[in-house]
Amino acid sequence: MVVRFQDGSTEGIDAWVREDGAAFLRALGIGDGDRVLDFGCGPGGYVLALAQVVGPRGEVIAVDKSVSHLQSLQERIAESRHRDIIEVHRTDSSLTLDWIAKGSLDAVLLFDVLQHISDWDTLFASVRRTLKPEGLLLVNPSYMSHPGKVDVKRMKARLAARGFALERAKRARVMHYDFLHEEEILVFRAQ
Ligand SMILES: C[S@@+](CC[C@H](N)C(=O)[O-])C[C@H]1O[C@@H](n2cnc3c(N)ncnc32)[C@H](O)[C@@H]1O
956 MVVRFQDGST EGIDAWVRED GAAFLRALGI GDGDRVLDFG CGPGGYVLAL AQVVGPRGEV
1016 IAVDKSVSHL QSLQERIAES RHRDIIEVHR TDSSLTLDWI AKGSLDAVLL FDVLQHISDW
1076 DTLFASVRRT LKPEGLLLVN PSYMSHPGKV DVKRMKARLA ARGFALERAK RARVMHYDFL
1136 HEEEILVFRA Q
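Going by this note's numbering, the sequence shown opens with residue 956, and the numbers climb by one from there.
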């Protein structure tokens, strides 16, 4: 099912954050006080919903390489009451995350981003290093064809090799820019 919002505006993201975002993230295991990384955050609909869920005791780190997406995100954050707990970081495509302390994150989101990344092993090792023991890795593999679909079987094997156990898969409506689409989210736990 695809539900379209207003064309060309940010209403899609904002409406999703208002109406569905917090419940969606809580159902995936994000909670009050969590420190969460959204890698490949794009314009950041998930970032604001995450901030709502983790609250003032938590922290959201939003990472992307796109200047324009991060500008849109910054504008949205500036209007948000959660701006004090959101850190925005622009990468130069580096996947090492060496500026994030070891074992400091409760959860990491890789939503609709793995299709852009060829060196999964480096990214998965970085995510594993930065997560706490038993930390959550939430993955939304791409359903779109651009620039190619994620090979989910290969992805699961590479994550298993890096010490991630697949806990469950949950179907839910996820937000892509200005429309919603029902997809599978894979919930992994660091071993
Ligand atoms: C399809 S968008 C998904 C945005 C958001 N996660 C979502 O699900 O709505 C993919 C994002 O990944 C970002 N990206 C691609 N390669 C990246 C890299 N190596 N480092 C950081 N961000 C990257 C792109 O700039 C883009 O914003």
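C-beta: ideal position from N, C-alpha, C; glycine also. What you are looking at is a predicted structure, and each value in this text was computed from that prediction instead of being measured.
Contact set for residue i: own chain, Cβ-Cβ below 8 Å, skip 5 residues either direction
i: I1046; result: A small correction: the amino acid at residue 1046 is Thr; Ile does not occupy that position in the sequence shown. Cβ neighbours of T1046 beyond the five flanking positions: V1018, D1019, K1020.
i: E1137; result: M956, R1126, A1127, R1128, V1129
i: A1080; result: R1117
i: T1051; result: T1077, S1081
DSSP state of residue i mapped onto helix, strand, coil
i: H1037; result: coil
i: G1118; result: coil
i: I968; result: helix
i: I1140; result: strand
i: V1043; result: strand
i: K1104; result: coil
i: D1061; result: strand
i: K1125; result: strand
i: V1068; result: coil
i: I1032; result: helix
i: R959; result: Reliability fails at R959, whose pLDDT of 45 lies under 50, so the model's placement of it is uncertain and the value that follows must be treated cautiously. In the structure shown, R959 sits in a strand (DSSP, three-state: E or B).
i: L1135; result: strand
Near ligand 1: residue i beta-carbon under 7 Å from a heavy atom
i: S1035; result: no
i: S1081; result: no
i: V1068; result: yes
i: T1051; result: no
i: G1103; result: no
i: T1046; result: yes
i: G995; result: yes
i: I1041; result: no
i: H1071; result: yes
i: G976; result: no
Proximity of residue i and residue j at Cβ, strictly below 8 Å
i: G967; j: G988; result: no
i: V972; j: L1064; result: no
i: S1097; j: K1104; result: yes
i: V1086; j: A1004; result: The sequence given here places Leu at residue 1086; Val does not occur at that position. It is not a contact, given that the beta carbons lie outside the stated cut-off.
i: I1055; j: I1041; result: no
i: G1147; j: D1067; result: Outside the displayed span of the chain (956 to 1146) sits residue 1147, for which this structure offers no information.
i: P998; j: H1037; result: no
i: A977; j: V1008; result: yes
Within-8 Å CB hit, residue i to chain C
i: A1004; result: Within the model displayed, chain C is absent; a lone protein chain is all it includes.
Contact set for residue i: own chain, Cβ-Cβ below 7 Å, skip 5 residues either direction
i: R1123; result: V1142
Residue i beta carbon near ligand 2 (any heavy atom closer than 7 Å)
i: K1020; result: Questions concerning ligand 2 fall outside what the structure shown contains, since the ligands it does hold are ligand 1.
Contact set for residue i: own chain, Cβ-Cβ below 6 Å, skip 5 residues either direction
i: V1094; result: L1065, L1141
i: H1044; result: V1018
i: R1012; result: G988
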